[in-house]
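Since the structure comes first, as structure tokens, the remarks are kept for the end.
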Amino acid sequence: MTATLDREGAPSVPATLWTRDFSFYFAARVVSLLGDAMMPVAAALAVGAIYGVSGVGYVLAVWTAPFVLFVLFGGVFADRIGARAMMVGADLVRIFTQGVLAVAFFAGAPPLWLLLVASALSGTAAAMFQPGVNGMVPLVARDPQRANGTLKIADAATQLGGPVLAGLLMALTGAGAVYAFDAGTFVVSGLCLALIRLAPAAKAAEPSTVLLDLRRGWAEFRSRSWMWSVILVWVFFGMLVFGPYIPLGSRLIGDRLGDAAYGWAMAALGGGTVIGGLVAIRFRPARPLAAGAVAMIGFTCIPLSAALELPLPPLMAGHLIGGASWAFWSVMWSTSVQTQVAPDVLNRVTAYEVAGSVSGVAVGQALVGPVSSIVEPRDLLFVSTGVTAAVCAALLLIRPIRGLRRV
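Just so we're aligned: 287 in this note's numbering is position 219 of the sequence shown, and the numbers increase by one with no gaps anywhere.
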């Protein structure tokens, strides 16, 4: 490791990433992400086998709705009582919900009302958990960019391994084992988070209320033109690209090349995410969002390769490039938020940006079915390609985004 000079001229060594606290946080995130990656497969196969496609849709919808509704409150509570406390509490709730569903599946076919109630509680817990994910990184790592890149690589690995593991458990033991395993991941996550040693949070100088905290979070979010500009652009990206792609891409690729080909494309996407995370660890641009926007041009390869109906090898290459582009942008964005926002409001600001991003994706997922019955999926993917290029251009044309400098 090469030493550098600090401001006084004394030699200094880059901070070690793998401290005790970051190691616990990394372990908590990996097991939690693995469980999250398994659940869509379990829901599609287990719930679909009992209640059909509509049942799967209901279960997913009642998870998403409370998440969008309550994530802003999750940011407020994370700033008031601490992100770690909120995350551990959310894990405890999901241990209960997933454990109950595991028992129900082991006993037979759980009633739909139980699936819906458990899904709604799990979505609410996720809303309490998610704002702290961003806020915890600066508390456990002195180099947020390296930490974010490392976490993005772990995320990609779980996205590759989680569905495979869920499929194997479903085939060998049934849905009960998958839900039990998911409950176990929340046990490990909660324990690892509880073992992190954090300095006591500074108490607020004057009393406040939840409504006042929400207003301050909104004021902090609105005062950063680079942030709300990105989220505004991202709403359109979510509606017209990110949200529709999975149903459109799986249908177009699966019908033409088979379901296995779509699986290979997703594997290439995960491999690209690993590459993008590795690049983001090493490359530190002076203007991170501008660099991320340039990299995002590569994301056009994903919808374009599917729309052009390419053979499997170039299709996989397109997803590899797109995955790398997406990962690099994600690290640049997360690091910018974590380093540009004051710690005492970081969780609330994160909640606003998460809510904005998720809302666009949810609208896109809801509209893709009716629209695809009128317009060919291939034509919609060409539209997604054009929108992606337009999004990259918008990010580079908006001066506060383009000019934001690294801290």
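No residue lacks a Cβ here, since even glycine has one placed at the ideal position from N, Cα and C.
Just so we're clear, the structure is a prediction, and the values are computed from it rather than from any experiment.
Query - Distance between A172 and S425 (C-alpha atoms, nearest Å) - result: One alpha carbon belongs to S425, the other to A172, and they sit about 34 Å apart.
Query raised in the report: Are the stretch 228-240 and the stretch 438-454 touching, with three or more C-beta to C-beta distances below 8 Å?
Result: No, they do not touch.
Query raised in the report: Does the beta-carbon distance from I370 to L337 come in below 9 Å?
Result: Contact annotation: I370 and L337 have beta-carbon atoms nearer than 9 Å.
Requested in this report: Give a yes or no on contact between the stretch 169-189 and the stretch 129-137, applying the rule of three or more CB pairs nearer than 8 Å.
Outcome: Because the criterion of three Cβ pairs below 8 Å is met, the stretch 169-189 and the stretch 129-137 touch.
Query raised in the report: Which parts of the stretch 270-337 are runs of the alpha helix (DSSP H), unbroken and 4 residues or longer, counting only runs that do not cross its ends?
Result: Listed in chain order, the complete alpha helix (DSSP H) runs (minimum 4 residues) inside the stretch 270-337 are 278-291, 293-305, 311-325.
Query - Per-residue burial, G432 [other beta carbons within 10 Å of its own, 16 or more giving buried] - result: G432 comes out buried.
Query - Residue of L207, T165, V208 minimising C-alpha distance to A188 - result: It is T165.
Requested in this report: Mind the definition here: the stretch 278-287 touches the stretch 203-222 only if three or more C-beta pairs lie below 8 Å; say whether that holds.
Outcome: By the Cβ rule, the stretch 278-287 does not count as touching the stretch 203-222, because fewer than three pairs are nearer than 8 Å.
**Report entry** Nearest-angstrom Cβ-Cβ length linking G428 and F304, presumed shorter than 8 Å
**Finding:** So it is a contact: roughly 7 Å between Cβ atoms.
**Report entry** Nearest candidate by alpha-carbon position, reference A243, set A375, M400, G116, G157
**Finding:** Comparing Cα-Cα distances from A243 to each of A375, M400, G116, G157, the minimum goes to G116.
Query raised in the report: Under the three-state reduction of DSSP, which class applies to D211: helix, strand or coil?
Result: In the structure shown, D211 falls within a coil segment according to DSSP collapsed to helix, strand and coil.
Query raised in the report: According to DSSP, is R470 helix, strand or coil?
Result: The answer is helix: DSSP assigns R470 an H, G or I state.
Requested in this report: Rounded to whole angstroms, what's the CA-CA distance from A273 to G150? Just pull it up for me.
Outcome: Here the model assigns A273 a pLDDT of 49, short of 50, so the residue's position is not dependable, and the following value carries that caveat. Going from the Cα of A273 to the Cα of G150 covers about 16 Å.
Query raised in the report: Is G120 helix, strand or coil when you go by DSSP?
Result: When DSSP states are grouped into helix, strand and coil, G120 belongs to the helix group.
Query raised in the report: Does the Cβ of T241 have 16 or more other Cβ atoms within 10 Å, making it buried, or fewer, making it exposed?
Result: With fewer than 16 Cβ atoms within 10 Å of its Cβ, T241 is classed as exposed.
Query raised in the report: Could you check where the alpha helix (DSSP H) with W397 kicks off and where it finishes?
Result: Boundaries of the alpha helix (DSSP H) harbouring W397: 380-408, taken from the DSSP string.
Requested in this report: Measure the C-alpha to C-alpha separation of V298 and A110 and round it to an integer number of angstroms.
Outcome: Between V298 and A110, the C-alpha separation is close to 34 Å.
Query raised in the report: So, do the stretch 335-350 and the stretch 371-379 have three or more beta carbon pairs nearer to each other than 8 Å?
Result: The way I'd put it, the stretch 335-350 doesn't touch the stretch 371-379; fewer than three beta-carbon pairs between them come closer than 8 Å.
Query raised in the report: Is I264 helix, strand or coil by DSSP?
Result: Reduced to three states, the DSSP call for I264 is coil.
Query raised in the report: So which of F289, S257, T368 has the shortest CA-CA distance to F92?
Result: Comparing Cα positions, the closest option is S257.
Query raised in the report: Where does the unbroken alpha helix (DSSP H) through A461 begin, and where does it stop?
Result: Note, A461: alpha helix (DSSP H), 445-465.
Query raised in the report: Under the rule that 16 or more other beta-carbon atoms within 10 Å means buried, what is D223, buried or exposed?
Result: Around the C-beta of D223, 16 or more other C-beta atoms lie within 10 Å, and the residue is accordingly described as buried.
**Report entry** Simplified DSSP assignment, three categories, for A354
**Finding:** In the structure shown, A354 sits in coil (DSSP, three-state: anything other than H, G, I, E or B).
Report task. Please confirm whether any heavy atom of the ligand ZN lies closer than 8 Å to the CB of T407. Result -> The ligand ZN is absent from the structure shown, which contains no ligand whatsoever.
Report task. Would you tell me roughly how many angstroms separate the C-alpha atoms of T192 and G217, rounded to the nearest one? Result -> C-alpha separation (whole angstroms): 28 Å.
Query raised in the report: Roughly how many angstroms separate the alpha carbons of A348 and L325, rounded to a whole number?
Result: The straight-line gap separating the alpha-carbon atoms of A348 and L325 is approximately 33 Å.
Requested in this report: To the nearest angstrom, report how far apart V246 and N415 are at their CA atoms.
Outcome: V246 and N415 have their C-alpha atoms spaced approximately 31 Å apart.
Query - Helix, strand or coil at E421 according to DSSP, with G and I counted as helix - result: In the three-state scheme derived from DSSP, where H, G and I count as helix and E and B as strand, E421 is classed as helix.
**Report entry** Cβ-based burial, S291 [other Cβ within 10 Å; buried from 16]
**Finding:** When all chains shown are included, S291 counts as exposed.
Report task. Keeping to the same chain, check which residues put their C-beta closer than 7 Å to that of T253; ignore five residues upstream and five downstream. Result -> Shown here for T253: same chain residues with a beta carbon closer than 7 Å to its own, the five before and five after excluded, namely V99, S100, L102, G103 in chain order.
Requested in this report: Might you give, ordered along the chain, the residues of its own chain that have their beta carbon closer than 8 Å to the beta carbon of E377, omitting 5 neighbours on each side?
Outcome: Excluding the 5 residues flanking it on each side, E377 has same chain C-beta neighbours closer than 8 Å at L320, R324, R446, in chain order.
Query raised in the report: Distance, Cα to Cα, F351 vs W397?
Result: One alpha carbon belongs to F351, the other to W397, and they sit about 12 Å apart.
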